[in-house]
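Residue numbers (this note's numbering), protein chains in the order written: chain A, 3 to 321; chain B, 4 to 427; chain C, 345 to 512.
Positions of the beta carbon are idealized from the N, C-alpha and C atoms, including for glycine.
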Amino acid sequence: MINRNPQLDENGVLQHLLTTEGLPASILLHILDTAESFVGVTERDVKKIPLLRGKSIFNLFFEPSTRTRTTFEIAAKRLSADVINLNIAVSAQSKGETLLDTVNNLSAMNADMFVVRHAQSGAAHLIAKHVRSDIHVINAGDGSHAHPTQALLDMFTIRRYKRDFHNLRVAIVGDILHSRVARSQIHALTTLGVPEVRVIAPKTLLPRMVERLGVHVYHDMAEGLKDVDVLMMLRLQNERMKGANLPSAEEFFKYYGLTPEKLTLARRDAIVMHPGPMNRGVEIDSAVADGKQSVILPQVTFGIAVRMAVMSILAGNQV
Amino acid sequence: MKIHIKNGRLIDPKQCIDAVQDIFIAKGKIIAIGAAPDEFQPSRIIDAESLIVCPGLVDLSVRLREPGLEYKATLESEMEAAVAGGVTSFACPPDTDPPLDEPGLVEMLKHRAKNLNQAHVYPIGALTQGLRGERLTEMAELNDAGCVAYGQPDGLLPNLRVLMQAMQYASTFGFGVWLRPQEISLTNDGVAHDGEVATRLGLPTVPVCAETIAISNIILLAKETGVRVHLCRISCAEGLTMVRAAKQQGLSITCDTTINHLHLSDMDIGFFDSNCHLMPPLRGSGDRDALRNGLLDGTIDAVCSDHAPVDEDAKLLPFGQSEIGATGVELLLPLTLKWGNEMRLPLLKVLAKITSDPAEILGIDAGHLSVGSAADICIFDPGYYWKVTSSAILSQGKNTPFMGMELPGGVKYTLVDGHIVYER
Amino acid sequence: MQLPDAELLYKSLAKKIQSDGGKNFSLIGIHTGGVWLAERLHQELAITQPLGMLDVSFYRDDFDKIGLHAQIKPSEIPFEVEGAHILLVDDVLHTGRTIRAAINELFDYGRPASVSLATLVDRGGRELPIAAQYTGIALELPVDKMLELKREESGKLSLNLYDKSIPE
């Protein structure tokens, strides 16, 4: 009943990008290295290269997200691929067509790659398992499970500013429990050899046994941020701000929001990251978000290069 | 029809028999064991050389999906599957559509099942009308129609006041109440055990305390009302500790677990295998080991298949959206044998868990091979290993975490009331 | 078979370019061998414009067959391509497909006044209408062999012949 990693073929070649978990460091680094050369392309006047000319990439968004969809679209277009955007509302799904029906119909339209966003954990795995074997699947976020391209662009950003992963202290702050970004970050960081990964959150926003993922748990910002090189803030979803997870956004900001004062607890050259979109005044203070140590905007730029790298590596890995 | 089963190794846990002995059947009953009665002229001789002859199996939970859910399975397909698995008596839960809350529905089910001339069906009636947890059903009427106990479906316990009154009412007539302990308010949209696997996969969880809190409530109410309680599908070590203590206090309480929980843990979910989407969820390996030992020491009284055929489309969905359940009535014997083999137990002890012990919980005269009793018999080859495949399984549901595995125990003949209802 | 000495070929190539008024060129080497040659030429011809480098991986036409190379070097053209007289430098000219990819990429940076090509070895076998203006030597080689330029730690260049495993 134990299957091999469904992202790799029998020769260990990447066929789908579904999660950062279980991928060897060599594959993660190959993606980062390839992305470096795409950064050069994105800085030129003509930002388009003919690599994926004639390929059809379908953006299948079962959950609305203009932002992520746009970055994938730009990345695909810069590679000269044809991009088809499909926002498949949940209501259309409940009208009878199952997830796999939708996917099979689109496969018949000669798709080469699916970029999938879905509210259910495991949706991208399911599609990758049942899709025609020459189609590559990129997980653009599934439930609370994984968001590997976001984590990879975060790794790219860290390497740009900190060069080496092997001497870093990294803290991930906020709603770990519901965050697919956090899970993918944790797996990528530990695989790339970061010796100390911390998570900082109240107990209501931490999953059980999270320390088994190789992280140190902190509930207090003052302790958790001490001597940290990289701060990765998470977005707090609106629906979590009031209710049984948290009493209020205000109290969360007071104890877990990143303010200039709390930032001084980290190393002086620490960088601050956020996957966006930010809730200013909830998880992060504007003065920090727009401050000297923030690398939030470069993250967005690098995101396109990283997604170009993932798409071109997958498209080049023929079955 | 007169049948002579010869040369078989007869195992009857209830009478503590494990010996090579012949059985003689006439008019649907066992008329002799050992020596043939005078002038016995069998119309059929079954040579059971190197085979086990044991009581027909008794399964505490088989969903037939009738009435109402025939696209998942039909009475015909599942009854056929049951006897192919050596099961001759089983209880079916009330969560059909409509639920088994009226005598007419129960009579219809019994009638339909009887006409098929296969296994005996023992319906569990609904404890509350429409299973809504508000008003009691006519339990005494339902009993007359053939219900053997009263229950609620998975995860839908009534509020404590209604539950207490339902228990009081049932105990008035000496009826048993069957409940799967799970506190709804702690379940939410949970689909997996609250452990490392769910954390890695980002799946919403059902914590262990959802089960233990419900067990605690049920035990206290059972004490209060004096009702006979059967706890269905215990999944965690802590729950087992509580049941053990309650039993030691002399409470009239029994419990079962499933073949799935006996062998699997949350690790088996792997990469979102929806065949492992079960309720209660597959728990940690420590819980699984506790269940295996609990079944051995008698804290768990019986093991059931928790048979739930699901159509393929309903499983081809993301884990959390896929339908709960696994097909299993044909795997009850193989997986119980596998447990026994792994625990190095004598067959006499192993088979008790799927024959005499569940029959006692159901309160039916079955699960034993006594002279004069109905000839419900399972004959199987304990050394035969077969591969679980879609075509090997007769149930309309092909959904099982054990797909592709080799399991021991091939049923050769199943007899119900002296008729050979299955042979291969 | 006896291969010519790469160092001698380089000298003859440099001489040809020099005698043609090489100074006015903007130099672009094609990764990897072409960059080594271009670095030397850049120094030897005392060209003031900084040196450009191209990795044509993203412009290749055999991506569908071989995918992306493990190590891609970023392309870097640190001067204005628009209106420049560009000399592309590569080690071996064969089918012409690499040069096609390089010209395509070059035009994504701007419109040069002219593009010329210098190559250490022209081994024939052209599949596209491309020719080098400056050539170290023309060689006939078996089609199943691959010719590659190597650089030792000392910087010394040499030619090596392999059995073909990856098409150019």
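| Shorter than 8 Å from the beta carbon of P8 of chain A to some beta carbon of chain B? | For P8 of chain A, the answer is yes, since a Cβ of chain B falls inside 8 Å of its Cβ.
| request: Measure the CB-CB distance between G229 of chain B and P207 of chain B and report whether it falls below 8 Å. | output: By the CB criterion at 8 Å, G229 of chain B and P207 of chain B fall outside the cutoff.
| message | Can you check which of these residues, A:H276, A:A272, A:S109, is closest to L227 of chain A by C-alpha distance? | response | For L227 of chain A, the closest C-alpha among the options A:H276, A:A272, A:S109 is that of A:A272.
| Cβ neighbours of S419 of chain C in the same chain (closer than 7 Å, five flanking residues each side left out) | Counting only Cβ-Cβ distances below 7 Å, and skipping sequence neighbours, we find M397, L398, D399, E449.
| request: Going by DSSP, name the residue or residues bridged to S458 of chain C. | output: DSSP, once it has assigned bridges, lists C:H429 as partnering S458 of chain C.
| Thinking C-beta only, is T330 of chain B closer than 8 Å to K356 of chain B? | Not a contact, by the Cβ cut-off of 8 Å.
| query | Listed in chain order, which residues of the segment 45–69 of chain A have Cβ atoms closer than 9 Å to some Cβ of chain B? | reply | Flagged: no residues at all.
| message | Between the alpha carbons of G480 of chain C and L357 of chain C, how many angstroms are there, rounded? | response | Rounded to the nearest angstrom, the two C-alpha atoms are 5 Å apart.
| said: By the three-class DSSP mapping on this structure, what secondary structure does P126 of chain B have? | reply: Strand.
| request: Inspect the beta-carbon positions of L365 of chain B and V65 of chain B and report whether they are closer than 8 Å. | output: Judged by beta-carbon spacing, V65 of chain B lies beyond the 8 Å limit of L365 of chain B, meaning their Cβ atoms are not closer than that value.
| query | By the 10 Å Cβ neighbour count, where 16 or more other Cβ atoms means buried, how is P321 of chain B classified, buried or exposed? | reply | Buried, since its Cβ has 16 or more Cβ neighbours within 10 Å.
| message | Residues of chain A with CB closer than 9 Å to the CB of D360 of chain B, please, in chain order. | response | Neighbours of D360 of chain B on chain A: none; closest Cβ ~29 Å, over 9 Å.
| task | Alpha carbon to alpha carbon, how far is V374 of chain B from A35 of chain B? Give it in angstroms, no decimals. | result | A35 of chain B and V374 of chain B: Cα-Cα distance of roughly 6 Å.
| task | Would you tell me roughly how many angstroms separate the C-alpha atoms of K355 of chain C and A428 of chain C, rounded to the nearest one? | result | One Cα belongs to K355 of chain C, the other to A428 of chain C, and the distance between them is close to 25 Å.
| Chain-ordered neighbours of P418 of chain C on chain A, where CB pairs are closer than 9 Å | Below the 9 Å Cβ cutoff, chain A contributes E38, S39, F40, V41, G42, V43 as neighbours of P418 of chain C, in chain order.
| task | Using a cut-off of 8 Å between C-beta atoms, extract the partners of G198 of chain B located in chain A. | result | Within 8 Å of the CB of G198 of chain B, the CB atoms of chain A belong to R210, M211, in sequence order along the chain.
| said: Please report the distance separating the alpha-carbon of M167 of chain B from that of Q185 of chain B. | reply: Here the C-alpha atom of M167 of chain B lies approximately 16 Å from the C-alpha atom of Q185 of chain B.
| message | By the DSSP assignment, the alpha helix (DSSP H) with E363 of chain B in it spans what residues? | response | Looking at the DSSP string, the run of the alpha helix (DSSP H) that includes E363 of chain B is 359–365.
| said: Please tell me whether G195 of chain A has its Cβ less than 8 Å away from any Cβ of chain C. | reply: No Cβ of chain C is located within less than 8 Å of the beta carbon of G195 of chain A.
| What's the call for L432 of chain C, buried or exposed, on a 16-neighbour Cβ count within 10 Å? | Buried, by the Cβ-count rule.
| How big is the Cα-Cα spacing for E75 of chain A and F304 of chain A? | Those two C-alpha atoms are separated by around 14 Å.
| message | Considering only their Cβ atoms, is the gap separating L316 of chain A from L20 of chain A smaller than 8 Å? | response | No, the pair does not count as a contact, with Cβ atoms beyond the cut-off.
| query | Could you give the distance in angstroms between the alpha-carbon of A169 of chain B and the alpha-carbon of D197 of chain B? | reply | A direct Cα-Cα distance of roughly 31 Å separates A169 of chain B from D197 of chain B.
| My guess is that I33 of chain A and A307 of chain A are in contact by the Cβ rule of under 8 Å, so how many angstroms apart are they, rounded? | Wrong, their Cβ atoms sit about 10 Å apart, outside the cutoff.
| query | Can R231 of chain B be considered in contact with the ligand SAM, in the sense that its beta carbon sits closer than 7 Å to one or more heavy atoms? | reply | No copy of the ligand SAM appears in this structure; indeed no ligand is present at all.
| field | Any alpha helix (DSSP H) of 4 or more consecutive residues that is wholly inside the segment 133–171 of chain B | value | Scanning the segment 133–171 of chain B for uninterrupted alpha helix (DSSP H) segments of 4 residues or longer gives 142–148, listed from N- to C-terminal end.
| said: Is D314 of chain B close to chain A? Criterion is C-beta to C-beta, closer than 8 Å. | reply: It does not; no Cβ of chain A falls within 8 Å.
| request: Give the DSSP-derived three-state secondary structure of M282 of chain B in the structure shown. | output: In the structure shown, M282 of chain B sits in coil (DSSP, three-state: anything other than H, G, I, E or B).
| When the cut-off is 8 Å and only beta carbons count, does Q324 of chain B lie next to chain A? | So yes, Q324 of chain B belongs to the interface.
| message | Going residue by residue through the segment 133–176 of chain A, where are the continuous beta strand (DSSP E) segments of at least 3 residues, counting only ones entirely within it? | response | The segment 133–176 of chain A contains these whole beta strand (DSSP E) runs: 138–144, 171–175.
| Buried/exposed call for S93 of chain A, threshold 16 Cβ in 10 Å | Confidence in S93 of chain A is poor, its pLDDT being 49 and thus under 50, which makes the residue's placement unreliable; the coordinate value appears in the next sentence. Exposed: under 16 other Cβ atoms inside 10 Å.
| Hey, G413 of chain B and F383 of chain B are a contact pair by Cβ (cut 8 Å); roughly how many whole angstroms apart? | Contact between G413 of chain B and F383 of chain B is confirmed by a C-beta separation of about 6 Å, below the 8 Å threshold.
| query | At a Cβ threshold of 8 Å, is F402 of chain C touching chain A? | reply | By this cut-off, F402 of chain C is an interface position.
| request: Determine the DSSP secondary structure at E263 of chain A, reduced to helix, strand or coil. | output: Residue state, collapsed to three classes: helix.
| message | Please list, in chain order, the chain A residues whose beta carbon lies closer than 7 Å to that of G411 of chain C. | response | By Cβ distance, chain A contributes G318, N319, Q320.
| field | Short Cβ contact (8 Å threshold) for V196 of chain A with V172 of chain A | value | Result yes, Cβ atoms of V196 of chain A and V172 of chain A sit closer than 8 Å.
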